[in-house]
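Engineer: Residue numbers (the working numbering): 330 to 378.
My questions will all concern the structure given below.
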């Protein structure tokens, strides 16, 4: 039995959630004094310039 194809709304929701979650993670890394997030910020700055 074949599965039904996922609709455009599903993939738009998946993309929206991923963008929002990455944005919130970056904001948290900039503002919260948590060591793991500070390391993430340093890595992201080194990687992206």
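Just so you know, even glycine gets a beta-carbon here, dropped at the ideal spot from N, CA and C.
Treat the numbers as computed from the prediction; the structure is a model and nothing was measured.
(1) Suppose you measure from the CA of residue 339 to the CA of residue 356; what does that come to, to the nearest Å?
(2) In three-state DSSP terms, what is residue 344?
(3) Can you give me the C-alpha to C-alpha distance between residue 348 and residue 336, rounded to a whole angstrom?
(4) Can the beta-carbon of residue 354 be found less than 9 Å from the beta-carbon of residue 369?
Structural biologist: To lay it out plainly:
(1) Taking the chain shown and counting its residues from 1, one reaches residue 339 at position 10. Taking the chain shown and counting its residues from 1, one reaches residue 356 at position 27. Rounded to the nearest angstrom, the two C-alpha atoms are 26 Å apart.
(2) Taking the first residue of the chain shown as position 1, residue 344 is located at position 15. Correct three-state label for residue 344: helix.
(3) Here residue 348 refers to the residue found at position 19 when the chain shown is read from its first residue. Here residue 336 refers to the residue found at position 7 when the chain shown is read from its first residue. Computed Cα separation, rounded: 19 Å.
(4) One-based indexing of the chain shown puts residue 354 at position 25. One-based indexing of the chain shown puts residue 369 at position 40. Yes, the pair counts as a contact, with Cβ atoms nearer than the cut-off.
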